[in-house]
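Residue 278 in numbering that gives the first Met the number 0 sits at position 279 of the sequence shown, and the numbers go up by one each step. Backbone N, C-alpha and C fix where the C-beta goes; we use that ideal spot for every residue, glycine too.
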Amino acid sequence: MKKKDLIFYAGTAVLLAFSTQQVKADEQVASDQTSENTSAVVLKTPTASEAQNIATDGVKTDQAVQTEKPVVTDVAPVTPTVGDNQSFDKDSSDKVESEHPVPTVVASRAPYGARARVVEIENNSLPVEEVEKPSGTLTIENNNSETGTFDAVIRNVVAPNGLKEVLIPTWSDKNWQDDLVWHKAVLQSDGSYRATIKASDHKNDDGKYNVHVYYVDQNNQRNYITETTAEVRQARRSGTIVIQNNNKDTGTFDVIIKDVYSPKGVRTIQVPTWSDKDGQDDLAWYEAIRQSDGTYKVSVKASNHKNSTGTYHVHLYYIQGDDSRVGIGATTVQVENRKANTKTQALIKNVNSEKGTYTVTVYQAPQGRQIKQVRVAVWSQPHQENLRWYSTKPSGVETNVDILAFNHGNVSGDYTTHVYVDYTDDSVEGFNLGKTKLSPRNPKVGSQTAYYSQRDPRWGGKWYGVSNMDQSGCVPTSLAMTFTDILGRQVLPTTVADYLYYNTNSFNKIAVAGTDADGLVAATNHWGLKSQMLTGKDAIAATLVSGKHVLAAVEESIFINAPYTHEIVLQGYDNGKTYVRDPFNPANNGWHSIDYIFSVKSTDPIDAKLGSPFFSIFA
Numbered sequence: 000m001k002k003k004d005l006i007f008y009a010g011t012a013v014l015l016a017f018s019t020q021q022v023k024a025d026e027q028v029a030s031d032q033t034s035e036n037t038s039a040v041v042l043k044t045p046t047a048s049e050a051q052n053i054a055t056d057g058v059k060t061d062q063a064v065q066t067e068k069p070v071v072t073d074v075a076p077v078t079p080t081v082g083d084n085q086s087f088d089k090d091s092s093d094k095v096e097s098e099h100p101v102p103t104v105v106a107s108r109a110p111y112g113a114r115a116r117v118v119e120i121e122n123n124s125l126p127v128e129e130v131e132k133p134s135g136t137l138t139i140e141n142n143n144s145e146t147g148t149f150d151a152v153i154r155n156v157v158a159p160n161g162l163k164e165v166l167i168p169t170w171s172d173k174n175w176q177d178d179l180v181w182h183k184a185v186l187q188s189d190g191s192y193r194a195t196i197k198a199s200d201h202k203n204d205d206g207k208y209n210v211h212v213y214y215v216d217q218n219n220q221r222n223y224i225t226e227t228t229a230e231v232r233q234a235r236r237s238g239t240i241v242i243q244n245n246n247k248d249t250g251t252f253d254v255i256i257k258d259v260y261s262p263k264g265v266r267t268i269q270v271p272t273w274s275d276k277d278g279q280d281d282l283a284w285y286e287a288i289r290q291s292d293g294t295y296k297v298s299v300k301a302s303n304h305k306n307s308t309g310t311y312h313v314h315l316y317y318i319q320g321d322d323s324r325v326g327i328g329a330t331t332v333q334v335e336n337r338k339a340n341t342k343t344q345a346l347i348k349n350v351n352s353e354k355g356t357y358t359v360t361v362y363q364a365p366q367g368r369q370i371k372q373v374r375v376a377v378w379s380q381p382h383q384e385n386l387r388w389y390s391t392k393p394s395g396v397e398t399n400v401d402i403l404a405f406n407h408g409n410v411s412g413d414y415t416t417h418v419y420v421d422y423t424d425d426s427v428e429g430f431n432l433g434k435t436k437l438s439p440r441n442p443k444v445g446s447q448t449a450y451y452s453q454r455d456p457r458w459g460g461k462w463y464g465v466s467n468m469d470q471s472g473c474v475p476t477s478l479a480m481t482f483t484d485i486l487g488r489q490v491l492p493t494t495v496a497d498y499l500y501y502n503t504n505s506f507n508k509i510a511v512a513g514t515d516a517d518g519l520v521a522a523t524n525h526w527g528l529k530s531q532m533l534t535g536k537d538a539i540a541a542t543l544v545s546g547k548h549v550l551a552a553v554e555e556s557i558f559i560n561a562p563y564t565h566e567i568v569l570q571g572y573d574n575g576k577t578y579v580r581d582p583f584n585p586a587n588n589g590w591h592s593i594d595y596i597f598s599v600k601s602t603d604p605i606d607a608k609l610g611s612p613f614f615s616i617f618a
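Shown next as structure tokens:
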């Protein structure tokens, strides 16, 4: 047997294959995107010389071929050839025995131009190209059913060709990719990338979401990395409208709201309702009342909707915890009113004895005479000394007239109410609504009420411009009492005087010492409060009934001698009187007639420069 000297075993072949990763997103976005179509590859078995060339020159690949993922496939060995001066033993003609198998050369395209390094294998055979590929791990975090959001987080980021951006194409299974959105992930401090996916960006669909990851390298190549899915279940607003107790005889029905829920909370439930007749001219907004079983209820009367019959529209709205209004649902109901009243009705409602108020309501009969005017006569004294007439034009089906005791001297007793309805046919109909007992006890001055004297030795001698507090500090002192009451903290007269003197031209900077009306308003605004000018006795009484303070400028009276004017504080109301706090003379503190105070109102231009010397002050 001859010794074998130079036999080259070139048992190698080059196999290029494509591994296709199906990208379920409609990731057909641009020409720079990876093709996910499998291509046919034609393999050619090299000749011995070609094999030798391969062994000599290294691995060659078709530069036109791109693959998402390299695939290693089995390669058939090439039968070696023998040179002219070479021979081999007949016993070895069918195969070449070796301790180690003949090495196989595998060629793969480095994806997207990734760097490759040549590695020598242990048996010193041909070099193999090892490819460093882009990669990363994808996790779903913070899946929040309340907000309908989740985070897609990419960690362990490997990008051999650099990384310009990370894209997260995402879509729901519903209607497949009609909601596809390419989200851009944001780099985090820990080197990960994060994108928040909102169901609101995907048609608020629930169910399975497909989440893919792509890297865009420095060559603007888009490389598929990985994918996963997320399950989205949103906590949605809910509410069910049920119509109950639909009474065909009375034209009434109840609206029941069940399954009340909003992720933002529900503060108020509103039920706007109207009839088909004449559009929404009878629209009424009802506020539902919570029941013991957790449902909410609204009672609807045809009489509140011009006694219309037929189709009624009932809508449901929530006022949420953030004060936003959102529509929830709607339904309709058929309404009849077989016992509709053909006569005008008049009644008393909303009686508040302590406040001294009630309401007279007149209903227009749907098939009765048309009302032209409503007149109401009210009194409480035996000889009608405090008689007062109220009159108003009709306002649809329901006409309301508010009765206030302070219009009748605010005396306690039984108030008689007569109603006269004038019709368009010139007829008149009268209604005696009987007596209504009122015991008005309006807000009075409490023990916590502050009192300051402008003559207090602590500040009476302090000068501001042309005068001192003793002689001209009635307005700052009256304001200080009022501010202290309303704000619940001490505000001294000198604090108010300092502001007026150093920040306005209204205090002791005029020819005559004192403060004009502009200064009163400016100081009120400075302390974060409001003011309103009052021109009549009724307005003053109503303001005092409501619990507000009134500052009054008066001239020659029990409070001041001519030719000077003076500011006093009014608070509380009881039977035509109010409590006075006099900053100059505390002996005048007590209950005084509003009629008297109004009769001695100041006519000095500095007090009445805005139109009236009376101002209410309130928060």
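Beta-carbon spacing of residue i, residue j below 8 Å
{"i": "Phe-613", "j": "Ser-530", "result": "no"}
{"i": "Gly-161", "j": "Asp-216", "result": "yes"}
{"i": "Val-359", "j": "Thr-272", "result": "no"}
{"i": "Asn-209", "j": "Thr-195", "result": "no"}
{"i": "Lys-207", "j": "Asp-172", "result": "yes"}
{"i": "Val-254", "j": "Val-270", "result": "yes"}
{"i": "Thr-439", "j": "Lys-354", "result": "Reading off the sequence shown, one finds Pro at residue 439, where the question assumed Thr. Contact: yes."}
{"i": "Gly-433", "j": "Lys-305", "result": "no"}
{"i": "Leu-137", "j": "Val-231", "result": "no"}
{"i": "Thr-542", "j": "Ala-552", "result": "no"}
{"i": "Thr-356", "j": "Ile-402", "result": "yes"}
{"i": "Ala-496", "j": "Ser-466", "result": "no"}
{"i": "Gly-264", "j": "Gly-309", "result": "no"}
{"i": "Gly-575", "j": "Gly-408", "result": "yes"}
Buried versus exposed call for residue i [16 or more other C-beta atoms within 10 Å across all chains shown]
{"i": "Asp-289", "result": "A small correction: the amino acid at residue 289 is Arg; Asp does not occupy that position in the sequence shown. By the 10 Å Cβ count, Arg-289 comes out exposed."}
{"i": "His-382", "result": "exposed"}
{"i": "Glu-286", "result": "exposed"}
{"i": "Leu-499", "result": "buried"}
{"i": "Ala-561", "result": "exposed"}
{"i": "Ser-274", "result": "buried"}
{"i": "Ala-516", "result": "buried"}
{"i": "Val-64", "result": "With a pLDDT of 35 at Val-64, under the threshold of 50, the predicted position of this residue should be treated as unreliable, and no value is reported."}
{"i": "Glu-226", "result": "buried"}
{"i": "Asp-281", "result": "buried"}
{"i": "Ser-302", "result": "buried"}
{"i": "Val-105", "result": "Annotation note: pLDDT 36 at Val-105 (below 50); position unreliable, coordinate value reported separately. It is buried - the Cβ of Val-105 has at least 16 other Cβ atoms within 10 Å."}
{"i": "Thr-602", "result": "exposed"}
is_contact[residue i, chain D] using C-beta, thresh 8 Å
{"i": "Asn-141", "result": "No chain D appears in the structure shown, which is made up of a single protein chain."}
Whole-angstrom C-beta distance between residue j and residue i, which should lie under 8 Å
{"i": "Ala-184", "j": "Ile-139", "result": "With 8 Å as the limit, Ala-184 and Ile-139 do not qualify as a contact, their Cβ atoms being about 13 Å apart."}
{"i": "Val-420", "j": "Ile-370", "result": "6 Å"}
{"i": "Ile-318", "j": "Arg-266", "result": "5 Å"}
{"i": "His-548", "j": "Ile-616", "result": "5 Å"}
{"i": "Arg-387", "j": "Asn-406", "result": "5 Å"}
Among the options, the one whose alpha carbon lies nearest that of residue i
{"i": "Asp-189", "options": "Asn-155, Trp-170 and Gly-206", "result": "Asn-155"}
{"i": "Gly-367", "options": "Asp-424, Ala-522 and Ser-379", "result": "Asp-424"}
{"i": "Thr-343", "options": "Gln-372, Asp-497 and Ala-329", "result": "Gln-372"}
{"i": "Asp-606", "options": "Leu-519, Ala-541, Ser-556 and Gly-546", "result": "Leu-519"}
{"i": "Lys-348", "options": "Pro-365, Leu-315, Thr-435 and Val-544", "result": "Thr-435"}
{"i": "Glu-428", "options": "Val-361, Asn-584, Ile-224 and Gly-328", "result": "Val-361"}
{"i": "Leu-315", "options": "Arg-454, Thr-239 and Ala-158", "result": "Thr-239"}
{"i": "Ala-522", "options": "Thr-494, Glu-145, His-182 and Ala-540", "result": "Thr-494"}
{"i": "Arg-457", "options": "Thr-476, Val-157 and Thr-448", "result": "Thr-476"}
{"i": "Val-375", "options": "Asp-413, Asn-431 and Asn-351", "result": "Asn-431"}
{"i": "Asn-245", "options": "Val-334, Tyr-192, Gln-279 and Gly-326", "result": "Val-334"}
Secondary structure of residue i, DSSP reduced to three states
{"i": "Val-599", "result": "coil"}
{"i": "Tyr-316", "result": "strand"}
{"i": "Asn-142", "result": "strand"}
{"i": "Phe-614", "result": "strand"}
{"i": "Val-95", "result": "Any reading at Val-95 needs caution, since the residue's pLDDT is 30, under 50, leaving its predicted position unreliable; the model's value is listed next. Val-95 falls in the coil class under three-state DSSP."}
{"i": "Thr-534", "result": "coil"}
{"i": "Ile-167", "result": "strand"}
{"i": "Pro-110", "result": "Note that Pro-110 scores a pLDDT of 34, beneath 50, so its modelled location is shaky and nothing firm can be said."}
{"i": "Asp-248", "result": "coil"}
{"i": "Asp-581", "result": "coil"}
{"i": "Ala-287", "result": "coil"}
{"i": "Asn-351", "result": "strand"}
{"i": "Gly-527", "result": "coil"}
{"i": "Trp-175", "result": "helix"}
{"i": "Gln-453", "result": "coil"}
{"i": "Phe-558", "result": "coil"}
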